[in-house]
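Engineer: According to my numbering, the residues represented by the sequence shown are 3 to 160, in order.
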Amino acid sequence: MIRTGIGFDAHRFARGRSLVLGGVRIPSEFGLEGHSDADVLCHAVIDALLGAVGDGDIGMIFPNSDPTWKDARSLDLLKKVMERLAARGAVVIHIDSTVIAEKPQLSQYRDAIRANFSAVIGLPVDRVSAKATTPEKMGALGREEGIAALAVATVEQP
Ligand code: MG
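1) By Cβ distance, which residues of its chain are closer than 8 angstroms to Gly-58, with the 5 residues on each side in sequence left out?
2) Are three or more beta carbon pairs between the segment 62-71 and the segment 120-134 nearer than 8 angstroms?
3) Would you be able to state if there are at least three C-beta pairs under 8 angstroms between the segment 129-140 and the segment 84-91?
4) Quick check on the DSSP output: what are the complete beta strand (DSSP E) runs of length 3 or more inside the segment 88-123, in order along the chain?
5) Tell me Gly-18's beta-bridge partners as DSSP assigns them.
6) From this set, His-96, Arg-116, Leu-21 and Phe-64, which residue's C-alpha is nearest Gly-7's C-alpha?
7) Could you name the residues, in chain order, whose CB is less than 7 angstroms away from a heavy atom belonging to the ligand MG?
8) Check Asp-68 in the structure and name its three-state DSSP category.
9) Please work out which residues of its chain come closer than 8 angstroms, Cβ to Cβ, to Ser-109, disregarding the five sequence neighbours upstream and downstream, and give them in chain order.
10) Taking just the CA atoms, how far does Glu-35 sit from Arg-19?
11) Relative to the C-alpha of Ser-128, which residue among Ile-48, Ala-54, Asp-98 and Phe-10 is closest?
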């Protein structure tokens, strides 16, 4: 059976933190606030995958209250989620994702982000999409208060 899942996440900008999106460290004046490395794109992809197999959400599996995940690399969290999918016999077919940010410009990092997801999820790179858009100065994201991300995962599960 083919199943789809949706993921959404948002994090505030914070000084003195590195900006990591899709496991790629991106030069930026600000990073993102969060318990882990605050990789908002990775978190959206994780929730999309968990949604596709009906296995809860990122907050249930990696709670903020658990010191194990303090400053954790979110790509490592994604690896753990892939183990959960594998245990259910689920095979990922496709990932689509969009980062919503007024800044920084992400086009030059797209291929590196796709390569990271491709490697960790075990998908050919042409089945991993990483897009970016700006909120056109509207709302909290438009005021550069943080970054949001959306993802859709398509999974085949017997
Ligand atoms: Mg998050």
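Virtual Cβ for every residue (Gly too), placed ideally from N, Cα, C.
The model shown is predicted, which means the values in this text are computed figures rather than measured ones.
Structural biologist: Taking the structure as given:
1) Along the sequence shown, read from residue 1 onward, the residue named residue 58 stands at position 56. Leu-52, listed in sequence order.
2) no
3) no
4) 93-102
5) In the sequence shown, residue 18 corresponds to position 16, counting from 1. Gly-18 is not bridged to any residue.
6) Against the sequence shown, residue 7 aligns to sequence position 5. Taking only the C-alpha atoms, the option nearest Gly-7 is His-96.
7) Asp-11, His-13, Gly-36, Ala-40, Val-42, His-45 and Ile-60
8) Against the sequence shown, residue 68 aligns to sequence position 66. DSSP places Asp-68 in coil when its eight states are reduced to three.
9) If you number the sequence shown from 1, residue 109 lands on position 107. Excluding sequence neighbours, Ser-109 sits near Ala-134.
10) As a first step, residue 19 must be located in the sequence shown, where it is residue number 17. As a first step, residue 35 must be located in the sequence shown, where it is residue number 33. Near 7 angstroms, if we compare the C-alpha coordinates of Glu-35 and Arg-19.
11) Position 126 of the sequence shown holds residue 128. The amino acid at residue 128 is misidentified as Ser; the sequence shows Asp. Here the closest residue by C-alpha is Asp-98.
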